[in-house]
Amino acid sequence: MPRRRSAPSPTPIELSVVIPTRDEAGNVPLLLQRLRSSLAEVSFEILFVDDSDDATPQLLRDIASKDSRVRVLHRAADLRAGGLSTAVVLGLAEARGRVVCVMDGDLQHPPEAILELLAAERGGADIVVASRYLSGGSRAGLGGGFRRLVSRGATFLARAIFTEARASTDPLAGFFLCRSALLSGLEFRPVGFKILLELLVCSESATVVDVPLSFQVRGAGKSKATPAQGWLYLRHLWSLVRDVPGSARRWKFAAVGVSGLLLLLGVLELGGAVLGWPALAAWGLAFAISLAWNFTLNLRLTFADARRERYPLMRRYIGSSLTAGGVQLVVFLGLVGLNLPLLVDGLGAAIVAMGVNATLSLQMVRRRRRPPPQPLGLEPLLVRLSRASRADLAVLVNDEQEAVLVSPEGDYRMTPLVRDLCRRAASTGVPVLWTEPPSSRPQARSNVELTSVIVLPMTPQRPAPLSAVLHRHSRTAFSPQDLEAAMRQLQRLGRVGEIKSSPRGRARSEAVANPAR
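In structure tokens:
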């Protein structure tokens with residue numbers, strides 16, 4: 008029986024515009040008119056995520072029924088937890104374009120500026136921010152002086168805490184554009200309404216470009232800004248510091264250093280002043296205890312994101328700490344000769360050593376920009392994914408769930424289960440990990456091999472034209488860490504470009520890859 012072929016794919020969407028709205032019925036018609044006019048030469052969709060209680064939902068439904076490029080996601084009152092932030096996250100998850108633009112629905116973000124953002128992305132940017140604070144921009148639409156002061160203060164705080172936020176002059180902007188591929192694997196947990204800050208902090212080595220924005224006066228309706236959002240913003244900053252391991256690294260390192268300094272001085276005072284030990288003996292014990300304290304906390308807090316390189320990192324960190332300890336000893340002995348109080352000697356030596364240790368330790372994990380992409384064929388790309396996850400077999404599957412490349416070469420028959428996993432991963436764009444359950448018998452054998460499968464969509468399009476299927480048949484099944492390793496390898500290799508399937512089910516593609524760092 009001949010195989011039924013799937014329907015041809017619709018024209019790919021270049022741009023998705025995500026607009027969160029709440030009671031914006033007075034602004035929507037003019038906003039849509041300006042969007043359609045400015046994006047006439049672009050394949051686009053407009054996705055409204057609506058939390059309104061006025062006439063906005065019905066107005067949007069009427070518009071969407073007449074224009075297939077407009078989609079509406081209306082959230083009932085009991086589904087609006089998180090407010091603006093969760094509305095934007097929902098829109099990003101539902102967007103189908105190659106790039107996604109987020110903007111407000113109150114006309115303060117001019118739709119005509121989207122083309123400038125898109126041009127910057129085509130020029131090589133991963134994230135493009137419409138900045139109020141870049142030369143040529145304006146924040147006149149913010150209103151009164153107090154609101155401008157609050158905006159400036161919040162921006163300063165974000166840039167002071169997060170190195171990643173300094174990539175933009177306006178990391179709290181609500182008008183920005185990014186590549187959809189950049190969103191793959193990001194798990195947004197925003198508190199408040201600053202989605203861009205979350206994206207900047209969680210996107211490793213992203214190329215960020217600012218374009219000037221003249222922030223406009225609001226159209227119809229009332230501003231949704233309230234004093235409570237200030238508290239939400241502070242909670243958001245804390246959540247990024249606490250829950251994103253590589254964020255605010257210098258502040259974490261400083262906090263650990265200060266705690267270690269207090270511990271060192273306490274032990275030094277105990278040994279020297281209370282127990283009457285010689286200065287060198289008291290310093291030696293204090294240094295050993297503070298070194299162990301700092302090492303443990305820095306490994307858990309400051310360098311928690313470097314866990315895959317833990318043992319090399321431990322060796323380098325110990326080396327830098329011992330080097331700083333040698334410097335501290337020399338300075339300490341020099342100060343002891345001046346007959347100063349013991350705490351002054353310890354404090355002066357420790358401050359010098361902290362500077363040396365910070366310079367060496369932070370240099371170990373400094374993020375480097377990736378080199379320009381280099382051509383890489385699909386077969387070596389598949390091999391690298393297989394090695395990263397320690398798979399027994401790697402298969403490249405097209406959008407019809409047909410194997411087009413097998414590594415190592417050989418006969419391959421796709422089971423219904425794997426075919427279903429491929430459909431699920433391709434349609435959602437989310438990787439899938441499946442593991443055969445172990446025996447439930449009370450005295451099951453421990454040497455039984457289990458089958459496990461990882462499916463990775465290779466492109467951000469939905470459905471994904473190609474997916475990598477990684478197989479393992481072993482006593483040790485794939486773990487979430489193996490899935491994460493494969494995903495990280497795919498991110499390092501870059502992205503797979505335009506892919507087309509031929510009538511025979513074969514695939515041809517140009518893959519773009521970055522050499523592993």
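Residues in the sequence shown are numbered consecutively from 8, following this note's numbering.
The beta-carbon is built from N, C-alpha and C at its ideal position, and this holds for glycine as well.
Residue i, DSSP secondary structure in three states
i    : result
I70  : helix
R186 : strand
D61  : coil
G78  : Gly is not the amino acid found at residue 78; the sequence shown has Arg there. Note: R78 maps to strand in three-state DSSP.
F310 : coil
P198 : Reading off the sequence, residue 198 comes out as Val, not Pro. Coil.
L477 : strand
W441 : strand
S158 : helix
T93  : helix
L367 : helix
P382 : Low confidence applies to P382: its pLDDT is 47, below 50, so where it sits in the model is not reliable enough to give any reading.
T303 : helix
R87  : coil
D418 : coil
S393 : helix
R502 : Legend: pLDDT at R502 = 48, less than 50; position of this residue unreliable, value from coordinates given subsequently. Strand.
Q115 : coil
F485 : coil
S45  : helix
Through-space distance from residue j to residue i, alpha-carbon basis
i    : j    : result
P378 : R391 : Annotation note: pLDDT 49 at P378 (below 50); position unreliable, coordinate value reported separately. Cα to Cα, P378 sits roughly 18 Å from R391.
L340 : N301 : 22 Å
R129 : E48  : 15 Å
A180 : P117 : 13 Å
A356 : T303 : 22 Å
L22  : V109 : 11 Å
A293 : G267 : 10 Å
I296 : R495 : 37 Å
Q329 : L277 : The question names Gln, but residue 329 in the sequence shown is Leu. Going by the C-alpha atoms only, they are around 23 Å apart.
D85  : I202 : 22 Å
D427 : S212 : 34 Å
W441 : A410 : 19 Å
R242 : E205 : 12 Å
V455 : F485 : 15 Å
A311 : A398 : 26 Å
P522 : A88  : For P522, the pLDDT reaches just 33, beneath the cut-off of 50, and the residue's location in the model is therefore unreliable, leaving the point undetermined.
V274 : V215 : 47 Å
P470 : A433 : 5 Å
Where residue i falls, given that 16 or more other Cβ within 10 Å makes a residue buried
i    : result
T483 : exposed
W290 : buried
K73  : exposed
V208 : buried
Q115 : buried
I325 : exposed
E31  : buried
E416 : exposed
F163 : exposed
D250 : exposed
V281 : exposed
T466 : buried
I358 : exposed
P445 : exposed
R431 : exposed
P487 : exposed
Paired residues, beta bridge with residue i - DSSP
i    : result
W245 : W245 is not bridged to any residue.
S221 : S145
F51  : L22
A172 : Per DSSP, none; premise fails for A172.
V215 : I134
I461 : L440 and L477
L403 : L412 and A475
C108 : V24 and L184
V56  : P27 and L80
query = Contact between the segment 236-256 and the segment 280-290: three or more CB pairs below 8 Å?
reply = The segment 236-256 vs the segment 280-290: no contact.
key: Validate contact between the segment 129-141 and the segment 36-52 using beta carbons, cut 8 Å, 3 pairs   = They do not touch, by the three-pair rule.
task = Count the CB pairs spanning the segment 331-345 and the segment 303-312 that are closer than 8 Å, and state whether there are at least three.
result = No, the segment 331-345 does not touch the segment 303-312.
ask   = Is it a yes or a no for the segment 89-102 touching the segment 61-81, going by three-plus beta-carbon pairs under 8 Å?
value = Output reads yes: the segment 61-81 touches the segment 89-102.
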